[in-house]
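Visitor: Once you've had a glance at the structure underneath, I'll fire off some questions.
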Amino acid sequence: MSKLKLAIGLGSTCSGCDIAILDIAERVLELVDLADIVFWPTAMDFKLSDLEKFGEGEIDLALYHGTVRTSEQEHIAHLLREKSKAVLAFGSCACFGGIPGLCNLTSRDEIFRTVYKETPSTDNPDFVTPQTEVEVGKFKLTLPELYDEGKALTQVIDVDYFLPGCPPPVELIEKLIPVLRGMQAGELPPKGTVIASEKTVCDECPLRKENKMIDRVARVHEIIPDPERCLLEQGILCMGPATRGGCGARCTKALMPCRGCMGPPPGVKDQGARMISAIASILGVEEEGQMSEEEVARIIDGIKDPVGNFYRFTLPTALLNRKVR
Amino acid sequence: MAEFEPKIIGFCCNWCAYAGADLAGISRLQYPPNLRIIRVMCSGSVDPEHILQAFRMGADGVFIGGCHPGDCHYISGNYKTMRKVMLLKKLLPQLGLEPERLRLEWISAAEGARFAQVITEFTEQIKKLGPNPWKGAGR
Ligand code: SF4
Ligand code: SF4
Ligand code: SF4
Ligand code: FES
Chain H
873 MSKLKLAIGL GSTCSGCDIA ILDIAERVLE LVDLADIVFW PTAMDFKLSD LEKFGEGEID
933 LALYHGTVRT SEQEHIAHLL REKSKAVLAF GSCACFGGIP GLCNLTSRDE IFRTVYKETP
993 STDNPDFVTP QTEVEVGKFK LTLPELYDEG KALTQVIDVD YFLPGCPPPV ELIEKLIPVL
1053 RGMQAGELPP KGTVIASEKT VCDECPLRKE NKMIDRVARV HEIIPDPERC LLEQGILCMG
1113 PATRGGCGAR CTKALMPCRG CMGPPPGVKD QGARMISAIA SILGVEEEGQ MSEEEVARII
1173 DGIKDPVGNF YRFTLPTALL NRKVR
Chain E
619 MAEFEPKIIG FCCNWCAYAG ADLAGISRLQ YPPNLRIIRV MCSGSVDPEH ILQAFRMGAD
679 GVFIGGCHPG DCHYISGNYK TMRKVMLLKK LLPQLGLEPE RLRLEWISAA EGARFAQVIT
739 EFTEQIKKLG PNPWKGAGR
């Protein structure tokens, strides 16, 4: 059977996703047995021209990790789409916008002002900021444009498959191997397939739920949790009920709350909205008749940063996906 | 320029606020026509997604009417609603929306006059706040 062609492109990435691919250890050998890696700038010396030389649909599968935030990243996404039969959003940044997507709470101008003007160590009286084009003698130098907004890959190109996680867990990345094998035989997974679980993190979590209500919200450093019991029911904001499973609840198994990196569960559009419902149903309910609004407000005051807590990985794909001004 | 006429989406519980609105109508009480009512079986069935979706689609205000504490026909739907609304009010400003655009009130089936008064007040308040800054910006 002929070998497949695999491309790995990137946007605003921390490269944790690249490392995660290598984390599949010796199974990388199976991967390269099945497919030639024709583009992977992080790992090898690839240039855009290496990608441009391919014909339409000539690459079998393209993975893209990172948020789309610059004109160059957008260009890479479009190129990968044009050259590939199938595109997979790899990692939470590409799937939902990810942590870099929290940039939607600010703007390019604000960022430039802070970075190139206001920080105490900056000495830039003319407020020189990055320009997309500048003439130096007879040369024209260019830089990609930084956009005001970070986007998930779906907001830029048509995406076929999703492999969430920040970074995606090794057990899920390994599932790409049978997928590639199928592709070799001409069988593609149905469009829209999410390589993860159809349930929530809570369904995979070994901690015990007792249907207890909470009367305070604690941050991880403020309490020593009972190692057997559900963290949310001990007042620690755990995104488990609002998060798709597939990671095996790797954080709560280490007694750290789920941060929600696998994104919303199937059928849920807005992860934060789901989490708000989940919290609303466990806040101090036992004596809810006697509970005053002030009391509820006091508990809720323990949640210092709702956007950061509930949309840490999904702001660009949330219903209200940026700060309006 | 014509005066700003806000669009307000109102989720009204079938057993109380919706009946209250009905009573206001039957009693021919006047209140501004800016409210578009969506009848729900219980205020507790209003998902935060519905509220965010309304704002995304350009609603200038979202009103939720539920039964008085202790009166919810599904026992505790209204308490959950109160907590959802309080959480959302904390979230909205981070996204640039004034929390006053979201309002929860307990209104019984007998309180037609109060329904009319609350909606009049809320409409005035939204007029002062101006159009939803999200309008036309949804991407
Ligand atoms: S999903 Fe996580 S690991 Fe992957 S690029 Fe984004 S931030 Fe890094
Ligand atoms: S809320 Fe968190 S700790 Fe509790 S069961 Fe779900 S995943 Fe586990
Ligand atoms: S437990 Fe939550 S934060 Fe941790 S890997 Fe799973 S989904 Fe991500
Ligand atoms: S039935 Fe009216 S609020 Fe629940």
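The listed protein sequences correspond, in order, to chains H and E. Residues 873 to 1197 in our numbering are what the first sequence lists, from first letter to last. Residues 619 to 757 in our numbering are what the second sequence lists, from first letter to last. Where a beta carbon is used, it is the ideal one built from N, C-alpha and C, also for glycine.
Measuring only from the beta carbon, is GLY888 of chain H closer than 8 Å to any heavy atom that is part of ligand 3?
Guide: no
Visitor: Could you name the residues, in chain order, whose CB is less than 7 Å away from a heavy atom belonging to ligand 3?
Guide: H:GLY1037, H:CYS1038, H:PRO1041, H:VAL1073, H:MET1111, H:GLY1112, H:THR1115, H:CYS1119, H:ALA1121, H:ARG1122, H:CYS1123, H:THR1124, H:CYS1130, H:ARG1131, H:GLY1132, H:CYS1133, H:MET1134
Visitor: Taking three-plus beta-carbon pairs below 8 Å as touching, is the region 1012-1030 of chain H in contact with the region 949-967 of chain H?
Guide: The region 1012-1030 of chain H vs the region 949-967 of chain H: in contact.
Visitor: So the candidates are H:THR1014, H:PHE999, H:VAL1000; which of them puts its Cα closest to the Cα of VAL1006 of chain H?
Guide: Relative to VAL1006 of chain H, the option among H:THR1014, H:PHE999, H:VAL1000 whose CA is nearest is H:THR1014.
Visitor: What does GLY969 of chain H reach in chain E if we use C-beta pairs closer than 8 Å?
Guide: Ordered by position in chain E, no residue passes the 8 Å Cβ test against GLY969 of chain H, which lies about 12 Å from the chain.
Visitor: Comparing the C-beta of PHE622 of chain E with each C-beta of chain H, is any distance below 9 Å?
Guide: Not one chain H Cβ lies under 9 Å of PHE622 of chain E.
Visitor: List in chain order: all unbroken beta strand (DSSP E) runs of 3+ residues lying wholly within the region 968-1033 of chain H.
Guide: 1005-1008, 1011-1014, 1018-1023
Visitor: Starting from the N-terminal side, write out each stretch of the alpha helix (DSSP H) that is 4 residues or longer and does not extend beyond the region 929-959 of chain H.
Guide: 943-955
Visitor: Would you check if the region 1172-1184 of chain H and the region 698-717 of chain E touch, i.e. whether three or more CB-CB distances between them fall below 8 Å?
Guide: yes
Visitor: Taking only beta-carbon positions, decide if THR699 of chain E is within less than 9 Å of chain H.
Guide: yes
Visitor: Is the region 737-752 of chain E close to the region 646-659 of chain E, with three or more CB pairs under 8 Å?
Guide: Yes: the two stretches touch, three or more of their Cβ pairs being nearer than 8 Å.
Visitor: Less than 9 Å between CB atoms is the rule here; does ILE983 of chain H satisfy it with respect to chain E?
Guide: no
Visitor: Can you tell me whether DSSP reads LYS877 of chain H as helix, strand or coil?
Guide: strand
Visitor: When DSSP labels each residue in this structure, what does ASP905 of chain H get in the three-state scheme?
Guide: helix
Visitor: Once you ignore the five residues that flank ASP908 of chain H on each side, which residues in its own chain have a CB closer than 6 Å to its CB?
Guide: LYS875, LYS877
Visitor: Are any of the Cβ atoms in chain H nearer than 9 Å to that of PRO749 of chain E?
Guide: no
Visitor: For the region 1087-1120 of chain H, which residues have a beta carbon sitting closer than 9 Å to at least one beta carbon of chain E?
Guide: none
Visitor: Give the residues from the region 657-683 of chain E that approach chain H closer than 7 Å (Cβ to any Cβ), ordered along the chain.
Guide: Only ASP665, PRO666, GLU667, LEU670, GLN671, PHE673, ARG674 from the region 657-683 of chain E bring a Cβ to less than 7 Å from some Cβ of chain H.
Visitor: Could you say if the region 1183-1196 of chain H and the region 1141-1153 of chain H meet the contact criterion of at least three C-beta pairs nearer than 8 Å?
Guide: yes
Visitor: For the putative contact between GLY1117 of chain H and THR1072 of chain H, defined by C-beta atoms under 8 Å, what is the C-beta separation to the nearest angstrom?
Guide: That pair is a contact at about 5 Å.
Visitor: Following a CB-centred definition, is ASP1155 of chain H positioned closer than 8 Å to any heavy atom of ligand 2?
Guide: Looking at the sequence shown, residue 1155 of chain H is not Asp but Leu. Not so, every heavy atom of ligand 2 lies at least 8 Å from the Cβ.
Visitor: VAL826 of chain H versus chain E: which residues are under 8 Å apart at the beta carbon?
Guide: This structure cannot speak to residue 826 of chain H, because chain H is shown only from 873 to 1197.
Visitor: If you draw a straight line from the alpha carbon of ILE1086 of chain H to that of ILE1148 of chain H, how long is it in whole angstroms?
Guide: 14 Å
Visitor: Looking at the strands, I want to know which residues DSSP matches up with GLY628 of chain E.
Guide: E:ILE655, E:PHE681
Visitor: Mind pulling the chain H residues with CB within less than 9 Å of LEU720 of chain E?
Guide: Chain H residues near LEU720 of chain E: none, gap ~12 Å exceeds 9 Å.
Visitor: Anything in the region 1163-1191 of chain H with a Cβ closer than 8 Å to a Cβ of chain E? List those residues in chain order, please.
Guide: MET1163, GLU1165, VAL1168, ALA1169, ILE1172, ILE1175, ASP1177, PRO1178, VAL1179, PHE1182, ALA1190, LEU1191
Visitor: Who are ARG1146 of chain H's beta bridge partners in DSSP?
Guide: Its beta-bridge partners do not exist; DSSP assigns none.
Visitor: Over the uninterrupted alpha helix (DSSP H) stretch that includes ARG1080 of chain H, give me the two end residues.
Guide: Per DSSP, ARG1080 of chain H belongs to no alpha helix (DSSP H) and is neither H nor E.
Visitor: Mark LYS838 of chain H as exposed unless 16 or more other C-beta atoms lie within 10 angstroms of its C-beta, in which case mark it buried.
Guide: With chain H covering only 873 through 1197, there is no way to say anything about residue 838 of chain H.
Visitor: Shorter than 8 Å, the distance from the beta carbon of ALA892 of chain H to the closest heavy atom of ligand 1, or not?
Guide: yes
Visitor: With a threshold of 8 Å (Cβ to nearest heavy atom), would TRP633 of chain E be considered close to ligand 6?
Guide: With respect to small molecules bound, the structure shown includes ligand 1, ligand 2, ligand 3 and ligand 4 and not ligand 6.
Visitor: So PRO1016 of chain H and THR942 of chain H are supposed to be a Cβ contact under 8 Å. How far apart are they, rounded?
Guide: Between PRO1016 of chain H and THR942 of chain H a beta carbon distance of about 4 Å is seen, short of the 8 Å cut, so the two are scored as contacting.
Visitor: Would a C-beta distance cut-off of 9 Å place LEU1060 of chain H and ASP1032 of chain H closer than the cut-off?
Guide: yes
Visitor: If you draw a straight line from the C-alpha of LEU1108 of chain H to the C-alpha of SER645 of chain E, how long is it?
Guide: Looking at the sequence shown, residue 1108 of chain H is not Leu but Ile. Those two C-alpha atoms are separated by around 50 Å.
Visitor: Note down, in chain order, every chain E residue with its Cβ under 7 Å from the Cβ of SER1149 of chain H.
Guide: Those are ASP665, PRO666, LYS702, listed as they occur along chain E.
Visitor: Using three-state DSSP, classify ALA731 of chain E as helix, strand or coil.
Guide: Helix at ALA731 of chain E.
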